[in-house]
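Reading through the structure tokens given below for one structure.
In UniProt numbering, the protein residues as written are 1 to 313.
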């Protein structure tokens, strides 16, 4: 509203915690999505909208983990993309071995049938089309991939050329000698793109979010062939902040900005993301998770002030 964004929201309230996520309400959301094809979802607990994912077939989750200007962490200037298959695998109790359709290292890739392969290849293709990793430091046209085999958190490196070109199938090399999470924490700069199955993608999403400031600062998005849903990037946000006016709204605001970009509202998208980053870089208004004492309302007001200095005056 403060940015005069030309978008009208059709609001729906679903909560498995408060027992308001009935099948009828879920169907209303799906019907609304069939018209708009786009949604912005706010989540305040670790519970995921799995029924909605299944109904909309939101098979690919994309999280762009990027350091925020002006906020110092152990690793600065991070910029990596995590692609997670999220409708099958461990969380859906659909695991079985599919043979040797795609070998990772020396063993068969375990997954959930042909659709698991579709998820990974479509996830990569969609990111190529949208240019998610354009502008990543060191980008030379062939990103460095890390592909997870669902059997363990050991990883295999891969290189991938653009879809439709010769050599578009990943060429895998030897597995990493150590488990993946410690490598991501110790030296995250070696990765540009991480392609993950369901459970391990959940773990890596949360771990990577912690590298740049936590669950409150990383936006995410989920895709099917028809729909796009914008949400928090981390799977476990700050549930203890509910009703206390202390949560960090950065991730939600950046998710909204990404949604506007998806809708080709580039000006409004940049206006919101630039205002958020300006507030964080200024360092005067920060919520508790970033080491400050400001409330959620304080942060939002500061963002609005940076959209239009005289708004509300």
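The C-beta atom is built at its ideal place from N, Cα and C for all residues, glycine as well. These numbers come from a predicted model, not from an experiment.
Using CA atoms only, rank isn't needed, just tell me which of the options is closest to residue i.
i	options	result
residue 193	240, 34, 205	205
residue 279	307, 255, 261	307
residue 67	197, 216, 27, 58	216
residue 56	240, 289, 290, 32	32
residue 289	247, 5, 87	247
residue 273	255, 298, 196	255
residue 51	191, 86, 296	86
residue 253	276, 286, 243, 268	276
residue 271	232, 303, 236	303
residue 242	258, 260, 208, 296	296
residue 231	4, 58, 268	58
Taking the C-alpha atoms as reference points, what is the distance between residue i and residue j?
i	j	result
residue 251	residue 12	20 Å
residue 106	residue 188	Note on residue 106: pLDDT 40, under 50, position unreliable in the model; the coordinate value appears next. If I take the Cα positions, the gap works out to 24 Å.
residue 229	residue 41	7 Å
residue 294	residue 234	22 Å
residue 30	residue 60	18 Å
residue 77	residue 283	17 Å
residue 2	residue 219	21 Å
residue 23	residue 43	19 Å
residue 266	residue 181	35 Å
residue 298	residue 222	29 Å
residue 178	residue 300	Low local confidence applies: a pLDDT of 45 at residue 178 is under 50, so the model's placement there is unreliable, with the coordinate-based value given in what follows. Going from the Cα of residue 178 to the Cα of residue 300 covers about 42 Å.
residue 305	residue 10	26 Å
residue 71	residue 258	21 Å
residue 260	residue 35	17 Å
residue 199	residue 69	30 Å
residue 236	residue 249	14 Å
residue 269	residue 4	11 Å
residue 203	residue 27	30 Å
residue 164	residue 281	For residue 164, the pLDDT reaches just 43, beneath the cut-off of 50, and the residue's location in the model is therefore unreliable, although a value from the coordinates is still provided. Taking the straight line from one Cα to the other gives about 41 Å.
residue 240	residue 89	29 Å
residue 224	residue 209	23 Å
Taking all protein chains shown into account, decide if residue i is buried (16 or more other Cβ within 10 angstroms of its Cβ) or exposed.
i	result
residue 8	exposed
residue 213	buried
residue 197	buried
residue 62	buried
residue 245	exposed
Within a Cβ cutoff of 7 Å, which residues of the same chain sit near residue i, ignoring the five residues on either side of it in sequence?
i	result
residue 226	37
residue 25	12, 14
residue 169	Any reading at residue 169 must be qualified, since the residue scores a pLDDT of 35, below 50, and its modelled position is unreliable; the value itself is stated next. Within the same chain, residue 169 has no close Cβ partners at all.
residue 54	87
Give every residue of the same chain whose Cβ lies closer than 6 Å to the Cβ of residue i, excluding the five residues on either side of it in the sequence, and list them in chain order.
i	result
residue 201	84
residue 292	286
Report the three-state DSSP secondary structure of residue i (helix, strand or coil).
i	result
residue 12	coil
residue 84	strand
residue 200	helix
residue 66	strand
residue 222	strand
residue 191	coil
residue 299	helix
residue 234	coil
residue 207	helix
residue 229	strand
Ignore the nearest five residues each way along the sequence and tell me which others in residue i's own chain have a CB closer than 8 Å to its CB.
i	result
residue 211	65, 73, 74, 75, 78, 184, 185, 188
residue 263	7, 38
residue 207	181, 184, 185
Is residue i close to chain B? Criterion is C-beta to C-beta, closer than 9 Å.
i	result
residue 222	Judged by its chain identifiers, the structure shown contains no chain B, having just a single protein chain.
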